[in-house]
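Novice: Got a structure for you, questions after.
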């Protein structure tokens with residue numbers, strides 16, 4: 001206004017915010033509310049000096065900005081890490097970075113500034129403040145900041161409070177360095193089987209799904225239920241068996257973690273044959289993901305090898321529909337284990353499709369073909385195998401397609417007759433037969449890389 005006092009900026013007048021200035025002394029000695037009066041809403045602060053000190057962990061500077069009797073109960077604006085599509089007038093959409101509210105406590109906790117965290121708490125920062133939907137404890141757990149987790153819990157932070165996605169701090173202990181955070185949460189009263197609000201997952205579900213063996217072991221030792229079910233009926237064992245390989249190079253390590261998790265869960269009493277709402281069992285999922293060692297473990301527990309899911313698929317069907325990454329995990333061992341435990345053979349009419357999909361794994365084709373007394377492929381099946389594959393595995397495929405015009409050997413026919421006679425008790429009966437080891441291995445579909 002001309003000749004008069006300038007009007008304060010709208011954000012200062014309406015939000016009670018402080019103007020950007022070299023310092024940000026909020027609720028100083030003269031403005032601090034008296035004890036016993038209701039605490040006002042936090043103030044929004046855009047002071048860049050304060051924000052820079054928080055992000056860098058400059059304790060000395062923050063001690064200047066927050067003198068005794070001041071408050072650190074402030075709100076800060078931060079930009080989201082990823083742009084999001086937002087709509088405007090006239091149906092226009094654009095990518096924008098949304099502004100999110102946070103607090104000094106959140107910044108310090110997520111960046112591991114434990115001493116700064118202590119200062120802010122002494123300056124009356126609220127440990128369970130969640131302007132953006134998460135508390136500082138959620139942030140510290142997600143980043144694996146053990147010291148900050150301890151500081152917040154000692155200050156009274158709630159270890160069971162859900163965030164905006166319904167996840168509790170223990171659900172966020174999922175990355176490297178978060179095991180100690182989980183131990184602290186449990187020591188300060190976090191519920192070991194506390195569920196997320198929408199998915200109804202327990203922390204054990206999360207550990208199993210992400211392949212976090214050490215965390216799963218800790219949770220089970222603290223009494224986690226190995227058969228807890230989420231909203232879709234999944235148990236931690238189902239989640240563990242569904243672990244995917246990111247690439248063929250990662251296949252062996254992924255299966256090793258999955259096997260460790262399954263051993264832990266089964267030794268804790270998990271049901272090896274538990275089915276979800278779609279009737280999928282751990283064996284179905286382990287086969288679909290190509291975890292051969294896990295398949296053999298589950299079969300040793302006596303699971304139903306021919307149980308079907310809601311779509312009518314057995315474990316053998318799942319194994320043969322698995323990803324290409326399963327080639328790195330020796331799918332032939334998985335298929336052989338299933339057949340030696342009484343899996344129903346593939347319908348002969350589907351064998352050409354199996355050949356086309358798994359021709360790069362001739363041993364998988366071998367073990368399947370050796371369960372039939374006669375060749376079940378049409379002569380034109382040779383066109384299903386790429387020329388380079390035929391050349392690479394010439395000996396095997398020459399024997400395979402030669403059998404399309406001649407009967408199988410008497411030795412093979414005898415094997416088929418004995419396996420048929422022992423159907424239903426193969427895994428228990430075969431090892432007890434008084435036979436030489438080499439012949440016993442032959443009956444158990446040992447690989448020979450040739451058909452006759």
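In the UniProt record's numbering, the protein residues as written are 1 to 452.
For every residue, glycine included, the Cβ atom is placed at its ideal position computed from N, Cα and C.
Pull up the distance between the alpha-carbon of residue 229 and that of residue 235, whole angstroms please.
Specialist: Residue numbering aside, residue 229 sits at position 229 when the chain shown is read from its first letter. Residue numbering aside, residue 235 sits at position 235 when the chain shown is read from its first letter. CA-CA distance, residue 229 to residue 235, rounds to 5 Å.
Novice: State the Cα-Cα distance for the pair residue 330 and residue 355, rounded to the nearest angstrom.
Specialist: For the purposes of this step, residue 330 is identified with residue 330 of the chain shown, where counting begins at 1. For the purposes of this step, residue 355 is identified with residue 355 of the chain shown, where counting begins at 1. Their Cα atoms are separated by approximately 16 Å.
Novice: Just to confirm the assignment: which complete alpha helix (DSSP H) runs, minimum length 4, are found wholly within the region 333-361?
Specialist: 351-358
Novice: Near residue 375, what residues of its chain come up, given a Cβ to Cβ distance below 6 Å and the 5 sequence neighbours on each side ignored?
Specialist: The sequence position of residue 375 within the chain shown is 375, counting from 1. Cβ neighbours of residue 375 beyond the five flanking positions: 403, 404.
Novice: Give, in chain order, every unbroken run of the alpha helix (DSSP H) that is at least 4 residues long and sits entirely within the region 235-275.
Specialist: 236-241, 251-267
Novice: Measure the alpha-carbon distance for residue 175 versus residue 148 and round it to whole angstroms.
Specialist: Here the question's residue 175 lines up with position 175 in the chain shown. Here the question's residue 148 lines up with position 148 in the chain shown. Linking residue 175 to residue 148 through their CA atoms gives a straight-line distance of about 16 Å.
Novice: Report the three-state DSSP secondary structure of residue 45 (helix, strand or coil).
Specialist: Mapped onto the chain shown, residue 45 falls at position 45. Secondary structure at residue 45: strand, using DSSP grouped into helix, strand and coil.
Novice: Whole angstroms are fine: how far does the CA of residue 145 sit from the CA of residue 444?
Specialist: Along the chain shown, read from residue 1 onward, the residue named residue 444 stands at position 444. Along the chain shown, read from residue 1 onward, the residue named residue 145 stands at position 145. Residue 444 and residue 145: Cα-Cα distance of roughly 52 Å.
Novice: CA-CA distance, residue 68 and residue 45?
Specialist: Residue mapping note: residue 68 aligns to position 68 of the chain shown, counting from 1. Residue mapping note: residue 45 aligns to position 45 of the chain shown, counting from 1. Between residue 68 and residue 45, the C-alpha separation is close to 19 Å.
Novice: So what does DSSP say about residue 75, is it helix, strand or coil?
Specialist: Position 75 of the chain shown, counted from the start, is the residue given in the question as residue 75. In the structure shown, residue 75 falls within a strand segment according to DSSP collapsed to helix, strand and coil.
Novice: For the candidate residues 196, 110, 75, whose alpha-carbon lies nearest to that of residue 57?
Specialist: The residue given as residue 57 occupies position 57 in the chain shown. That would be 110, whose Cα lies nearest to the Cα of residue 57.
Novice: Under three-state DSSP, which class holds residue 101?
Specialist: Reading the chain shown from its first residue, position 101 is the one you call residue 101. Strand at residue 101.
Novice: Select from 263, 43, 361 the residue whose C-alpha is nearest the C-alpha of residue 394.
Specialist: Looking up residue 394 in the chain shown gives position 394. Of the listed residues, the one whose Cα sits closest to residue 394 is 361.
Novice: Measure from the C-beta of residue 423 to each C-beta in chain B and report whether the shortest distance is under 8 Å.
Specialist: The chain labelled as chain B is not found in the depicted structure, where only one protein chain is given.
Novice: Should residue 358 be labelled buried (16 or more other beta-carbon atoms within 10 Å of its own) or exposed?
Specialist: For the purposes of this step, residue 358 is taken as the residue at position 358 of the chain shown. Counting Cβ neighbours within 10 Å, residue 358 comes out buried, since at least 16 surround it.
Novice: Ordered along the chain, which non-local residues of its own chain (more than five positions away) have a Cβ less than 8 Å from that of residue 189?
Specialist: Working through the chain shown from its first residue, we reach residue 189 at position 189. 159, 160.
Novice: Cα separation between residue 136 and residue 152?
Specialist: By one-based count along the chain shown, residue 136 stands at place 136. By one-based count along the chain shown, residue 152 stands at place 152. Each residue's alpha carbon lies about 8 Å from the other.
Novice: Just the C-alpha distance for residue 291 and residue 63, rounded to the nearest angstrom, thanks.
Specialist: The sequence position of residue 291 within the chain shown is 291, counting from 1. The sequence position of residue 63 within the chain shown is 63, counting from 1. For residue 291 and residue 63, the distance between alpha carbons rounds to 55 Å.
Novice: Grouping DSSP H, G and I as helix and E and B as strand, with all else coil, what is residue 301?
Specialist: Here residue 301 is taken as the residue at index 301 of the chain shown, counted from 1. Correct three-state label for residue 301: coil.
Novice: On the three-state DSSP scale, how would you describe residue 110?
Specialist: Here residue 110 refers to the residue found at position 110 of the chain shown. Here residue 110 sits in helix by DSSP.
Novice: With 16 other CB atoms within 10 Å as the buried threshold, where does residue 392 fall?
Specialist: In the chain shown, counting from the first residue as 1, residue 392 sits at position 392. It is exposed - the Cβ of residue 392 has fewer than 16 other Cβ atoms within 10 Å.
Novice: Between which residues of its own chain and residue 186 is the CB-CB distance below 6 Å, once the five residues before and five after are set aside?
Specialist: Sequence index remark: in the chain shown, residue 186 carries index 186 (1-based). Here the set comprises 222.
Novice: With three or more C-beta pairs closer than 8 Å as the rule, is the region 207-225 touching the region 246-261?
Specialist: yes
Novice: Considering only C-alpha positions, which residue in the set 296, 430, 319, 112 is nearest to residue 178?
Specialist: The residue given as residue 178 occupies position 178 in the chain shown. Ranking 296, 430, 319, 112 by Cα distance to residue 178 puts 112 first.
Novice: With distances taken between CB atoms, is the gap from residue 451 to residue 400 smaller than 8 Å?
Specialist: In the chain shown, the residue the question calls residue 451 occupies position 451. In the chain shown, the residue the question calls residue 400 occupies position 400. Result yes, Cβ atoms of residue 451 and residue 400 sit closer than 8 Å.
Novice: Could you check what DSSP says for residue 365 in three-state terms: helix, strand or coil?
Specialist: As a position in the chain shown, residue 365 is number 365, starting the count at 1. Assignment of residue 365 by DSSP, reduced to helix, strand and coil, places it in the helix class.
Novice: Pull up the CB-CB distance for residue 166 and residue 197, whole angstroms please, since I reckon it's below 8 Å.
Specialist: Start at 1 with the first residue of the chain shown, and residue 166 comes out as number 166. Start at 1 with the first residue of the chain shown, and residue 197 comes out as number 197. Right, their Cβ atoms sit about 3 Å apart.
Novice: Taking just the CA atoms, how far does residue 363 sit from residue 332?
Specialist: The residue given as residue 332 occupies position 332 in the chain shown. The residue given as residue 363 occupies position 363 in the chain shown. Roughly 6 Å separates the two Cα atoms.
Novice: How is residue 437 classed by DSSP in three states: helix, strand or coil?
Specialist: Position 437 of the chain shown holds residue 437. The answer is helix: DSSP assigns residue 437 an H, G or I state.
Novice: Can you check whether the CB of residue 203 is closer than 8 Å to the CB of residue 241?
Specialist: Position 241 of the chain shown, counted from the start, is the residue given in the question as residue 241. Position 203 of the chain shown, counted from the start, is the residue given in the question as residue 203. Going by C-beta atoms, residue 241 is not nearer than 8 Å to residue 203.
Novice: Rounded to the nearest angstrom, what separates residue 310 and residue 243 at their Cα positions?
Specialist: Along the chain shown, read from residue 1 onward, the residue named residue 310 stands at position 310. Along the chain shown, read from residue 1 onward, the residue named residue 243 stands at position 243. If you take the alpha carbons of residue 310 and residue 243, they lie about 21 Å apart.
Novice: Is the CB-CB distance between residue 105 and residue 66 below 8 Å?
Specialist: Counting from one through the chain shown, the residue named residue 105 turns up at place 105. Counting from one through the chain shown, the residue named residue 66 turns up at place 66. In this structure, residue 66 does not lie closer than 8 Å to residue 105 by Cβ.
Novice: Do you know whose CA, among 52, 251, 192, 297, lies nearest residue 271's CA?
Specialist: Translated into positions along the chain shown, residue 271 becomes position 271. Restricting attention to 52, 251, 192, 297, the CA atom closest to the CA of residue 271 is found in 297.
Novice: Would you kindly report the start and end of the unbroken alpha helix (DSSP H) that includes residue 392?
Specialist: In the chain shown, residue 392 corresponds to position 392, counting from 1. Unbroken alpha helix (DSSP H) run through residue 392: 387-392.
Novice: Given this structure, state the Cα-to-Cα distance separating residue 269 from residue 289, to the nearest angstrom.
Specialist: As a working mapping, residue 269 is identified with position 269 in the chain shown. As a working mapping, residue 289 is identified with position 289 in the chain shown. If I take the Cα positions, the gap works out to 23 Å.
Novice: For residue 303 and residue 276, which I take to be in contact (beta-carbon distance under 8 Å), what is that distance rounded to the nearest angstrom?
Specialist: Locating residue 303 in the chain shown gives position 303, counting from the first residue. Locating residue 276 in the chain shown gives position 276, counting from the first residue. Their Cβ separation, rounded to whole angstroms, is 14 Å, which puts residue 303 and residue 276 out of contact at 8 Å.
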